[in-house]
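Novice:
Numbering (my numbering), first residue to last: 210 to 366.
1. Please report the distance separating the alpha-carbon of residue 280 from that of residue 317.
2. Determine the closest residue to residue 293 out of 360, 323 and 354, with distance taken between C-alpha atoms.
3. With contact counted as at least three CB pairs below 8 angstroms, one residue from each stretch, are the stretch 273-291 and the stretch 299-307 in contact?
4. Any idea what DSSP makes of residue 282, helix, strand or coil?
5. In the DSSP assignment, find the unbroken alpha helix (DSSP H) run with residue 351 in it and report its ends.
6. Measuring only the C-alpha atoms, how far is residue 314 from residue 342?
7. Tell me the DSSP bridge mates of residue 292?
8. Assess contact between the stretch 328-336 and the stretch 345-365, defined as three or more Cβ pairs (one per stretch) separated by less than 8 angstroms. Is contact present?
9. When you compare only the Cα positions, how much space is there between residue 310 and residue 272?
10. Taking the straight line between their C-alpha atoms, what separation do you get for residue 284 and residue 295?
11. Identify the residues that DSSP records as bridge partners of residue 337: which are they?
12. With a 10 Å radius around its C-beta and 16 neighbouring C-beta atoms as the bar for buried, classify residue 349 as buried or exposed.
13. What would DSSP say about residue 198, mapped onto helix, strand or coil?
14. Between the Cα of residue 353 and the Cα atoms of 268, 263 and 264, which residue gives the shortest distance?
15. Secondary structure at residue 332, three-state DSSP: helix, strand or coil?
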């Protein structure tokens with residue numbers, strides 16, 4: 210029972226069968242009562258809307274050395290092996306163009322640094338996966354790709 214003034218409701222995901230109540234019993238006869246209520250995760254396809262969420266990341270690969278990656282601090286970027294990766298933080302409803310514009314908002318101030326990495330042999334690319342098709346790329350989204358001479362790689366997974 211919910212406290213006064215608090216609305217209690219259950220969330221139901223239609224078509225989902227991922228979790229069920231698991232309630233071990235104790236006792237016998239009329240005293241057969243729940244011992245504890247817990248959740249058990251079950252196999253099967255995810256029904257979460259986050260499972261279909263697109264991931265779009267700006268990647269600088271083939272870095273000449275680790276020092277090159279740490280020469281400047283790109284906001285939200287992490288060094289992963291021989292790559293510098295900056296993922297878009299936009300939600301599931303954002304288009305690929307929205308992700309590109311969001312990334313360019315951070316990267317345009319670091320254009321000189323990124324171009325110097327390219328001169329040292331680094332490769333700039335945007336990797337997108339789980340993107341809703343068809344993709345519409347507008348001029349404001351293509352601006353980053355053009356000015357940084359970066360590739361756009363779209364994966365259907």
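Even glycine gets a Cβ: it sits at the ideal position worked out from N, Cα and C.
Specialist: With the structure as the only source:
1. 17 angstroms
2. 323
3. no
4. coil
5. 348-357
6. 24 angstroms
7. 289
8. yes
9. 24 angstroms
10. 8 angstroms
11. 265 and 363
12. exposed
13. The structure shown does not extend to residue 198, since the chain is modelled only from 210 to 366, so the question has no answer here.
14. Looking only at 268, 263 and 264, the smallest Cα-Cα distance to residue 353 is reached by 268.
15. strand
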